[in-house]
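Structure, as structure tokens:
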Amino acid sequence: MGQDVGSDDDDVMMPMPQASVIDVAGEPTEMLESVSPIRSKPALEVVVFPGNPGSGHFYEHYTKYLHKTLVDKVGCVRVRTLSHLGHVKGIYKPSFYTLEDQVEHKLNFLQEYCNDAETPLLVVGHSIGAYMALEAVKRWQASRKAARRTTRSESKHKHPSDTCRIMAQMPYMQFDESSSKQLSLERVAKRPYIPAAVAGFINLVVPNFVLVRVLTAFDKNLEKESARHVAEQLLSYTVGHNAFSLAQDEFKTLRGKEIDWTWLRGNRERVGWVFCPGDHWAPQKLYEQVVENLGEDKTCFIKYREDQFHGFVTSKLACKRMASLTEEFLTNFREN
48 MGQDVGSDDD DVMMPMPQAS VIDVAGEPTE MLESVSPIRS KPALEVVVFP
98 GNPGSGHFYE HYTKYLHKTL VDKVGCVRVR TLSHLGHVKG IYKPSFYTLE
148 DQVEHKLNFL QEYCNDAETP LLVVGHSIGA YMALEAVKRW QASRKAARRT
198 TRSESKHKHP SDTCRIMAQM PYMQFDESSS KQLSLERVAK RPYIPAAVAG
248 FINLVVPNFV LVRVLTAFDK NLEKESARHV AEQLLSYTVG HNAFSLAQDE
298 FKTLRGKEID WTWLRGNRER VGWVFCPGDH WAPQKLYEQV VENLGEDKTC
348 FIKYREDQFH GFVTSKLACK RMASLTEEFL TNFREN
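Our numbering applies: residue 48 is where the sequence shown begins, and numbers increase by one.
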């Protein structure tokens, strides 16, 4: 059985997202799902891959606003947000997961749960989740091509790995040696058990309501519901350890990594990009690289939004704006 994970006056007519645990290639995985009660078969499937920390609950407001925006356009919509392995308190195996593990996890989910060739699919990734989305879809597409060569079979429908749209929201694609923040975080993440132990200790001795007040005072963009989720989820040893372990491996894997511009050029029409000011994860120079390599084709959706920030999921207003951008990307795709 799923459970309700919140409510909001702006979308009282929308179905509440349901949290459940599913099996993805043998790994227990939390998924938040909402389906429009309009007709039995969705006219659009949306899958959301989080950033780091990777709990789907942080994306509740974004997915609800997105659902509300899209249902008016296409009818029945199913939105599923997949939490990262080890990033949800009480739902994990006793292990710590690398970036490669998380990418394979997303690939396995797409292969197991997103094979309906008749229903359009949108894969949304935020921050490192955008890297996971692009990499997982690329591998999914390659595996399907290899399978077709082996079986020599043809279908009247194109496979979703060839047709799905991908939206990269403030994508973390490369380690930035010039970013003092990333260099500092790299030093902290080298020993993930230390910040994890501190987080676990704080969770034990400080009441949640105090933590929420401190967190919202420290970060003006952090609303109470998001702060409450940080206090409940991230401030636990195992989740904290997995979040910092993933960060450690992100820095290691993405240091000096080349972006696959060849694949991106071949798929430019179905990949959308969103950037914002002051973002060291998806910096100005990455935006300029995307424009330089992909922007000459006007069908490529590339937005630089002054009214956004990297952690947009912590603000209802920013979530609503991002939902509108997502709908704009889909409209742009259909028109082209």
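Even glycine gets a Cβ: it sits at the ideal position worked out from N, Cα and C.
As the structure is a computational prediction, the values presented were derived from the model and not from experiment.
Secondary-structure assignment with DSSP links E77 through a beta bridge to V68. DSSP lists A215 and I349 as the bridge partner or partners of W320. Under the three-state reduction of DSSP output, T300 falls in the helix class.
DSSP places E151 in no beta strand (DSSP E) but in the uninterrupted alpha helix (DSSP H) bounded by L146 to Y160.
Between N340 and L311 a beta carbon distance of about 7 Å is seen, short of the 8 Å cut, so the two are scored as contacting. DSSP places E335 inside the alpha helix (DSSP H), whose first and last residues are Q331 to L341. Contact check between the stretch 341 to 354 and the stretch 81 to 100: fewer than three CB pairs, one atom from each, fall below 8 Å, which does not count as touching. Membership of F356 in any beta strand (DSSP E) is not indicated, and neither H nor E is assigned to it by DSSP.
Approximately 26 Å separates the beta-carbon atoms of L301 and L282; this is outside 8 Å, ruling out the contact. Per DSSP, L169 lies in no alpha helix (DSSP H); the unbroken beta strand (DSSP E) holding it starts and ends at L168 to H173. For A183, the number of other beta carbons within 10 angstroms of its own is at least 16, and it is reported as buried. Counting along the chain, the unbroken beta strand (DSSP E) around V95 starts and ends at L91 to F96.
Per DSSP, the unbroken alpha helix (DSSP H) holding T116 starts and ends at E107 to V121. Going by DSSP, T128 is part of no alpha helix (DSSP H) but of the beta strand (DSSP E) stretching over V124 to L129.
Going by DSSP, K228 is part of the alpha helix (DSSP H) stretching over S227 to A236. Closest by C-alpha distance to P239, out of R275, K153, P75 and Y144, is Y144. Counting C-beta atoms within 10 angstroms of its own C-beta, E343 has fewer than 16 neighbours from the protein chains shown and is therefore classed as exposed. Taking 7 Å as the cut-off, the Cβ atoms of F356 and C323 count as close.
Between P207 and A164, the C-beta spacing is below 7 Å. Counting of Cβ neighbours within 10 angstroms places A189 among the exposed residues, the total staying below 16.
DSSP links V82 through a beta bridge to R125. If you look at R312, you'll find it in the alpha helix (DSSP H) that goes W308 to G313.
If you compare the alpha carbons of K185, L181, G319 and Q149 with that of P100, the shortest gap goes to Q149. Straight through space, the alpha carbons of K88 and D223 are spaced by roughly 44 Å.
Taking one beta carbon from each stretch, the stretch 134 to 141 and the stretch 67 to 86 have 3 or more pairs nearer than 8 Å; the two touch. Scanning its chain for C-beta atoms nearer than 6 Å, with the 5 sequence neighbours on each side dropped, one finds around I249 the residues L282, in chain order.
DSSP places A246 in the uninterrupted alpha helix (DSSP H) bounded by Y240 to V252. Judged by DSSP secondary structure, P207 falls within the alpha helix (DSSP H) whose first and last residues are P207 to T210.
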